[in-house]
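Asks: Numbering (our numbering), first residue to last: 10 to 368.
Every residue, glycine too, gets a C-beta built ideally from N, C-alpha and C.
One structure is given below, represented as structure tokens, and several questions about it will come after.
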Amino acid sequence: MSDQPARKGGLLGLFRRPEARGPQAEAGDAAAAPEAAEEAAEAPAPAATAEPAAKKQGWFQRLKAGLAKTSSRLSEGITGIFAKRKLDAGTLQELEDLLIQADLGIETSTRIVEALAKGRYDKEIAPDEVRAVLAAEVERVLAPVAKPLQIDPAHRPHVILVVGVNGTGKTTTIGKLAHKLAGEGKKVTLAAGDTFRAAAIDQLQIWGRRTGAEVVARAVGADAAGLAYDALARARENGSDVLLVDTAGRLQNKQALMDELEKVIRVLRKIDPQAPHQVLLVLDATTGQNALSQVEVFKDKAGVTGLVMTKLDGTARGGILVAISAKFSLPVHAIGVGEGVEDLAAFDAGEFARAVALG
Numbered sequence: 010m011s012d013q014p015a016r017k018g019g020l021l022g023l024f025r026r027p028e029a030r031g032p033q034a035e036a037g038d039a040a041a042a043p044e045a046a047e048e049a050a051e052a053p054a055p056a057a058t059a060e061p062a063a064k065k066q067g068w069f070q071r072l073k074a075g076l077a078k079t080s081s082r083l084s085e086g087i088t089g090i091f092a093k094r095k096l097d098a099g100t101l102q103e104l105e106d107l108l109i110q111a112d113l114g115i116e117t118s119t120r121i122v123e124a125l126a127k128g129r130y131d132k133e134i135a136p137d138e139v140r141a142v143l144a145a146e147v148e149r150v151l152a153p154v155a156k157p158l159q160i161d162p163a164h165r166p167h168v169i170l171v172v173g174v175n176g177t178g179k180t181t182t183i184g185k186l187a188h189k190l191a192g193e194g195k196k197v198t199l200a201a202g203d204t205f206r207a208a209a210i211d212q213l214q215i216w217g218r219r220t221g222a223e224v225v226a227r228a229v230g231a232d233a234a235g236l237a238y239d240a241l242a243r244a245r246e247n248g249s250d251v252l253l254v255d256t257a258g259r260l261q262n263k264q265a266l267m268d269e270l271e272k273v274i275r276v277l278r279k280i281d282p283q284a285p286h287q288v289l290l291v292l293d294a295t296t297g298q299n300a301l302s303q304v305e306v307f308k309d310k311a312g313v314t315g316l317v318m319t320k321l322d323g324t325a326r327g328g329i330l331v332a333i334s335a336k337f338s339l340p341v342h343a344i345g346v347g348e349g350v351e352d353l354a355a356f357d358a359g360e361f362a363r364a365v366a367l368g
């Protein structure tokens, strides 16, 4: 995360880069909670085993490794286009096609091509120079949306509703957030609002035990809105700083499920008219262009205030985050490049741009 001054009411350290520590400390907090388990009938418990020595590396190295598929696709394409060729209409068109295919979006791809053409047209250009321009333009798009998650102490509890389609890693993301919040001394309550899946309820209860967070849960099939109401009431009673509310995964084109999400929000506001104070949409990077329609619908129906993108390590489509940022300008709070707790960290525009464009 970029060095930024602490802001009043902020939780700037929520996704602070982990410092190098010894094997004993690593073993204490390493966690592998497979995000793919959200779609499984029985989600495995978050592992509490130590990470292998090979994984003990800084965040930027993990980010580079996670985005290697996206970076390699772009780097190889750029080399193929610009090896001993002049910058002309043909090479610019090929580059634009490559960028669009990498899910950067038409707007950003056009901007990159135009920036590259300035002062360089009809001249030979090295692939490394193209990559440098790509990195600069990607960072220009992402810098305004790279914002750390802020917890407002004026709201106690600060209610964060976590939404998204099936299998994006919502429950796992909530567990990682709870882990980091608890590590900073925050009292957290978790609401097991995905009442459709026993596995999601079990998984959140495991995270609760590991983080010391109280979990409000009901039987499978219970009313999600009623559970959210009870969770907020309980969080106020127990003096929690933060309430994290899980929700069932729902396709953005299923009206009944989207209506249920709106009901959850209405019920929370019976206790706190300003709740939820934040609505985080968790996106799966592997879905590519479909993520754009998810943002569109959830923004309209649930009032999404910020994004978390997971599974960037499993796809060559990491560029979709650039397209989403260019179109919606929603804050991007965090990204995930792996299953461990430390594989979710604050989104830094410069780091992301360098990892994607320069590898």
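1. Here's the rule I'm using: 16 or more other beta-carbon atoms within 10 Å means buried, otherwise exposed. How should Arg218 be labelled?
2. Determine the extent of the alpha helix (DSSP H) in which Asp161 is found, giving its start and end residues.
3. To the nearest angstrom, how far is it from the Cα of Leu289 to the Cα of Leu316?
4. Which residues bound the alpha helix (DSSP H) around Leu266?
5. Note down the Cα distance separating Ala325 from Gln70, rounded to an integer number of angstroms.
6. Alpha carbon to alpha carbon, what distance is there between Lys78 and Gln159?
7. Based on the DSSP secondary-structure assignment, which residues constitute the bridge partners of Ala343?
8. Residues in the same chain with beta-carbon distance under 8 Å from Thr314, minus the five sequence neighbours each way, listed in chain order, please.
9. With DSSP as the reference, label Ala39 as helix, strand or coil.
10. Look at the alpha carbon of Val276 and the alpha carbon of Gly235, and state the distance between them as a whole number of angstroms.
11. Return the bridge partner residues of Thr88 from the DSSP annotation.
12. Taking the alpha carbon of Val154 as the point to measure from, which residue in Glu348, Val331, Asp309 has its own alpha carbon closest?
13. Going by DSSP, what residue range makes up the beta strand (DSSP E) through Ile329?
14. Return the Cβ separation of Ala354 and Ala343 in integer angstroms, given the expectation that the two are a contact with Cβ distance under 8 Å.
15. Classify Ala42 as buried or exposed, calling it buried when 16 or more other Cβ atoms lie within 10 Å of its own Cβ.
16. Tell me the DSSP secondary structure of Glu246 in three-state form.
17. Quick one: Cα of Ala201 to Cα of Leu266, how far?
18. In terms of residue numbering, what span does the beta strand (DSSP E) encompassing Asp293 cover?
19. Hey, is the segment 129–145 in contact with the segment 248–257, meaning 3+ C-beta pairs nearer than 8 Å?
20. Report the residue ranges of all alpha helix (DSSP H) runs contained in full by the segment 166–207; include only those spanning at least 4 residues, in chain order.
21. Out of Glu116, Ile87, Glu193, which has the shortest C-alpha to C-alpha gap to Val150?
22. Going by beta-carbon coordinates alone, are Ala362 and Ile333 separated by less than 8 Å?
23. Do Val225 and Thr198 have their CB atoms nearer than 8 Å?
24. If you measure between the beta carbons of Leu107 and Ala126, is that distance less than 8 Å?
25. How far does the alpha helix (DSSP H) with Val350 in it extend, from its first residue to its last?
26. Rounded to a whole number of angstroms, what is the C-alpha to C-alpha distance between Asp137 and Arg165?
27. Quick check: Gly230 and Thr204, are their CB atoms within less than 8 Å of each other?
28. By a C-beta neighbour count over all protein chains shown, 10 Å radius and 16 as the cutoff for buried, is Pro157 buried or exposed?
29. Would you tell me roughly how many angstroms separate the C-alpha atoms of Ala233 and Arg206, rounded to the nearest one?
30. Considering only the alpha carbon of each residue, which of Leu292, Gln214, Lys93 lies closest to Gly184?
31. By the three-class DSSP mapping on this structure, what secondary structure does Val229 have?
32. Between the beta-carbon of Ala111 and the beta-carbon of Gly328, is there less than 8 Å?
Replies: Taking the geometry as given:
1. Residue 218 sits at position 209 when you count from the first residue of the sequence shown. So Arg218 counts as exposed.
2. On the sequence shown, residue 161 is found 152 positions in, with the first residue counted as 1. Note, Asp161: premise wrong, no alpha helix (DSSP H); not H, not E.
3. Along the sequence shown, read from residue 1 onward, the residue named residue 289 stands at position 280. Along the sequence shown, read from residue 1 onward, the residue named residue 316 stands at position 307. Each residue's alpha carbon lies about 5 Å from the other.
4. What you label residue 266 is simply residue 257 of the sequence shown in a count that begins at 1. From DSSP, the alpha helix (DSSP H) with Leu266 extends over 264–280.
5. One-based indexing of the sequence shown puts residue 325 at position 316. One-based indexing of the sequence shown puts residue 70 at position 61. Using only the alpha carbons, I get a separation of about 17 Å.
6. Within the sequence shown, numbered from 1, the residue matching residue 159 stands at position 150. Within the sequence shown, numbered from 1, the residue matching residue 78 stands at position 69. Those two C-alpha atoms are separated by around 31 Å.
7. Taking the sequence shown and counting its residues from 1, the one referred to as residue 343 is at position 334. Val317, Ala355, per the DSSP bridge assignment.
8. Within the sequence shown, the letter at position 305 stands for residue 314. Taken in chain order, the residues that qualify are Gln287, Val288, Leu289, Leu339, Pro340.
9. Taking the first residue of the sequence shown as position 1, residue 39 is located at position 30. With a pLDDT of 35 at Ala39, under the threshold of 50, the modelled position of this residue cannot be trusted; read the value that follows with caution. Reduced to three states, the DSSP call for Ala39 is coil.
10. Position 267 of the sequence shown, counting from 1, holds the residue named residue 276. Position 226 of the sequence shown, counting from 1, holds the residue named residue 235. Going by the C-alpha atoms only, they are around 7 Å apart.
11. To locate residue 88, count along the sequence shown from 1; it is residue 79. Paired residue(s): none; Thr88 is not in a bridge.
12. Within the sequence shown, the letter at position 145 stands for residue 154. Looking at the Cα atoms, Val331 is the closest of the given residues.
13. Here residue 329 corresponds to residue number 320 of the sequence shown, with the count starting at 1. No beta strand (DSSP E) holds Ile329; the alpha helix (DSSP H) holding it covers 329–337.
14. Here the question's residue 354 lines up with position 345 in the sequence shown. Here the question's residue 343 lines up with position 334 in the sequence shown. Indeed they touch by this definition, with Cβ atoms about 6 Å apart.
15. The residue labelled residue 42 in the question sits at position 33 within the sequence shown. Unreliable placement is indicated for Ala42, whose pLDDT of 41 sits below 50; no coordinate value is reported for it.
16. In the sequence shown, residue 246 corresponds to position 237, counting from 1. It is helical.
17. Taking the first residue of the sequence shown as 1, we reach residue 201 at position 192. Taking the first residue of the sequence shown as 1, we reach residue 266 at position 257. Between Ala201 and Leu266, the C-alpha separation is close to 17 Å.
18. Taking the sequence shown and counting its residues from 1, one reaches residue 293 at position 284. Counting along the chain, the beta strand (DSSP E) containing Asp293 begins and ends at 287–293.
19. no
20. 179–192
21. Position 141 of the sequence shown holds residue 150. The residue with the shortest Cα to Cα distance from Val150 is Glu116.
22. Position 353 of the sequence shown, counted from the first residue, corresponds to residue 362. Position 324 of the sequence shown, counted from the first residue, corresponds to residue 333. Contact flag unset, no.
23. Reading the sequence shown from its first residue, position 216 is the one you call residue 225. Reading the sequence shown from its first residue, position 189 is the one you call residue 198. Yes. Within cutoff.
24. The residue you call residue 107 lines up with position 98 of the sequence shown. The residue you call residue 126 lines up with position 117 of the sequence shown. In this structure, Ala126 does not lie closer than 8 Å to Leu107 by Cβ.
25. Residue 350 sits at position 341 when you count from the first residue of the sequence shown. Where Val350 is concerned, there is no enclosing alpha helix (DSSP H), given that its DSSP letter is neither H nor E.
26. Your numbering for residue 137 matches position 128 in the sequence shown. Your numbering for residue 165 matches position 156 in the sequence shown. Each residue's Cα considered, the two are about 50 Å apart.
27. Taking the first residue of the sequence shown as position 1, residue 230 is located at position 221. Taking the first residue of the sequence shown as position 1, residue 204 is located at position 195. Taking 8 Å as the Cβ cut-off, Gly230 and Thr204 qualify as a contacting pair.
28. Mapped onto the sequence shown, residue 157 falls at position 148. Buried, because 16 or more other Cβ atoms sit within 10 Å of the Cβ of Pro157.
29. Sequence index remark: in the sequence shown, residue 233 carries index 224 (1-based). Sequence index remark: in the sequence shown, residue 206 carries index 197 (1-based). C-alpha separation (whole angstroms): 12 Å.
30. For the purposes of this step, residue 184 is taken as residue 175 along the sequence shown, with counting starting at 1. Ranking Leu292, Gln214, Lys93 by Cα distance to Gly184 puts Gln214 first.
31. For the purposes of this step, residue 229 is identified with residue 220 of the sequence shown, where counting begins at 1. Val229 falls in the coil class under three-state DSSP.
32. Indexing the sequence shown from 1 puts residue 111 at position 102. Indexing the sequence shown from 1 puts residue 328 at position 319. Yes. Within cutoff.
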